[in-house]
Amino acid sequence: MKITTKKVTLLALCIAMNMVGSWIGVMIKLPVYLDSIGTVMAGFAFGPVFGILAGVITALVNTISDPIALYFMPTQIIVGFTAGYFKFLKRDDLASKLYLAPAMSLPAAISSALIATYLFGTVTTAGSSYIVQALRAIMDISDFAIVLGVQIITDYADKLLSILLVSKVYNMNAFQDILRKID
45 MKITTKKVTL
55 LALCIAMNMV
65 GSWIGVMIKL
75 PVYLDSIGTV
85 MAGFAFGPVF
95 GILAGVITAL
105 VNTISDPIAL
115 YFMPTQIIVG
125 FTAGYFKFLK
135 RDDLASKLYL
145 APAMSLPAAI
155 SSALIATYLF
165 GTVTTAGSSY
175 IVQALRAIMD
185 ISDFAIVLGV
195 QIITDYADKL
205 LSILLVSKVY
215 NMNAFQDILR
225 KID
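According to the numbering used here, the sequence shown holds residues 45 to 227 in order.
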């Protein structure tokens, strides 16, 4: 794995995409997070190490505006690793992504649910926290079960959106030309 100035530049762009997406998700209180589009792109383009690196740096930098982001670093690591490791996610067909996105979203949902429940008592800065609070008010089941259920749905939607978007860009001839020039 050779680290070049061009790879570092693309990694910085991926981190910036994560930061902007995260900011939009938190400010508008969307039930999806939008904080891992760049992590998925780094994983697709350069493999799991760069995917993990993009996720870790994103969590560290996002802590400036959202202190809770740091605690969700394990989720970013899972997403970065999965995006770089599982080659099938790069394919440009919708059907496989609908069924295969759980390879990324399910471990991320479990990680996020554990963090949200046991570190933050179910209240985070994410828009999905509103859904969790509403369900807690009307359901008599454990907080972890409620958070996990919400996380499975919202993480699946978020990761599927990220994978679909990144896959489209990744599979464009122009982007492949850029990647060939980087290596």
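In this text, a Cβ means the ideal position worked out from N, Cα and C, and glycines have one as well.
Check, Outcome
"Beta-carbon spacing of A218, L192 below 8 Å", "no"
"C-alpha gap between L142 and I47, whole angstroms", "33 Å"
"Alpha carbon of T168 to alpha carbon of I108, nearest angstrom", "16 Å"
"Element boundaries [alpha helix (DSSP H), containing F94]", "P92 to N106"
"Cβ-Cβ separation, A98 to A86 (assumed contact under 8 Å), whole Å", "4 Å"
"Proximal residues to G65 (C-beta, below 7 Å), its chain only, five neighbours per side dropped", "L78, D79 and I81"
"Check whether A145 and F188 have beta carbons under 8 Å apart", "no"
"CB of Q190 within 8 Å of CB of L204, strictly", "The amino acid at residue 190 is misidentified as Gln; the sequence shows Ile. Not in contact: I190 and L204 (Cβ atoms no closer than 8 Å)."
"Separation of V176 from K136, as counted between CA atoms", "Note on identity: in this sequence residue 136 is Asp, with Lys being the wrong assignment. Between D136 and V176, the C-alpha separation is close to 33 Å."
"Whole-angstrom C-beta distance between A147 and T119, which should lie under 8 Å", "Contact flag wrong, Cβ pair sits at about 14 Å."
"Identity of the residue in V84, S172 and Q195 nearest L209 by Cα", "V84"
"Endpoints, the alpha helix (DSSP H) within which G219 is located", "One point to set straight first is that residue 219 is Phe, not Gly, in the sequence displayed. Segment N217 to I226, the alpha helix (DSSP H) holding F219."
"Spatially closest choice to I112 from V52, F164 and Y200, by CA coordinates", "F164"
"Extent of the continuous alpha helix (DSSP H) to which I207 belongs", "D187 to Y214"
"G128 and F94 closer than 8 Å at C-beta", "yes"
"Inter-residue Cα distance where the pair is M71 and N106", "13 Å"
"Outcome for M183 when other beta-carbon atoms lying within 10 angstroms are tallied against a minimum of 16", "exposed"
"Same chain, Cβ closer than 6 Å to S206, neighbours up to 5 away in sequence not counted", "S80, I81 and V84"
"I101 versus P75, L223, L55 and F132, residue with shortest Cα-Cα distance", "L55"
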